[in-house]
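Beneath this line is the structure, given in structure tokens, with notes to follow.
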Amino acid sequence: MRIVFDASSYEDGKLALNECIWPGANLHPNIFHMIIYFRLNTIATIADVERAFLQISLRDEDRDAVRFLFPELESNQTDPYKFQVYRFKRVMFGVNVSPFLLSATIRNHIEKYREQYPAATEMLDTCLYVLTT
Numbered sequence: 006m007r008i009v010f011d012a013s014s015y016e017d018g019k020l021a022l023n024e025c026i027w028p029g030a031n032l033h034p035n036i037f038h039m040i041i042y043f044r045l046n047t048i049a050t051i052a053d054v055e056r057a058f059l060q061i062s063l064r065d066e067d068r069d070a071v072r073f074l075f076p077e078l079e080s081n082q083t084d085p086y087k088f089q090v091y092r093f094k095r096v097m098f099g100v101n102v103s104p105f106l107l108s109a110t111i112r113n114h115i116e117k118y119r120e121q122y123p124a125a126t127e128m129l130d131t132c133l134y135v136l137t138t
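Residue 88 in the working numbering sits at position 83 of the sequence shown, with consecutive numbering throughout.
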């Protein structure tokens, strides 16, 4: 099961979370060039990173932007509108910036190995496409 929060929902007269957050730059290579390159070679590799968003931690100072309220369910509850405030610690599904954070994180890890594996990192720079649906 995957919990997805609708960060595009809004209250009348208020902004949705997705309207307040910059979705990030497009870090994908030119898809046309990538498909041509894919077709020219005899071997292709694809991979599925399981729970990729959930493997990326949010910085502590960014966690207030992704707070949510959960009703307190006490048996002796006198205030029906009492809520507990929670904050996400991981990148969440349903926010427009999540695909950018995943791509930027992968690119950061590629960059760490650029000197050690220049040919492999160059290929990943031009041929890596992160599909986030």
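Ideal Cβ positions, reconstructed from N, Cα and C, are used throughout, including at glycine. The structure presented is a predicted model; accordingly, all values stated were derived computationally and were not measured.
Which first and last residues belong to the beta strand (DSSP E) in which residue i is found?
| i | result |
| --- | --- |
| residue 119 | Premise fails: residue 119 is in no beta strand (DSSP E) and is neither H nor E. |
| residue 37 | It is not in any beta strand (DSSP E) - residue 37 instead sits in the alpha helix (DSSP H) that spans 36–45. |
| residue 86 | First-last for residue 86: undefined, no H or E at that position. |
Determine the extent of the alpha helix (DSSP H) in which residue i is found, giving its start and end residues.
| i | result |
| --- | --- |
| residue 22 | 22–25 |
So for residue i, helix, strand or coil by DSSP?
| i | result |
| --- | --- |
| residue 71 | helix |
| residue 64 | coil |
| residue 3 | There is no way to answer for residue 3, as the model of the chain reaches only from 6 to 138. |
| residue 56 | coil |
Identify, in the order they occur along the chain, each residue of the same chain with its Cβ nearer than 7 Å to the Cβ of residue i, setting aside the five sequence neighbours on each side.
| i | result |
| --- | --- |
| residue 24 | none |
| residue 11 | 99 |
| residue 110 | 61 |
| residue 75 | 88, 89 and 91 |
For residue i, I'd like the list of residues in its chain whose CB is within less than 8 Å of its CB, leaving aside the five on either flank, ordered along the chain.
| i | result |
| --- | --- |
| residue 42 | 131 and 132 |
For residue i, I'd like the list of residues in its chain whose CB is within less than 6 Å of its CB, leaving aside the five on either flank, ordered along the chain.
| i | result |
| --- | --- |
| residue 73 | 91 |
Next on the checklist: Taking contact to mean 3 or more Cβ pairs, one atom from each stretch, closer than 8 Å, check whether the segment 103–121 and the segment 30–44 are in contact.
Outcome noted: yes
Checklist entry - Does the segment 91–98 come within contact of the segment 59–73, defined as at least 3 CB pairs closer than 8 Å? => result yes
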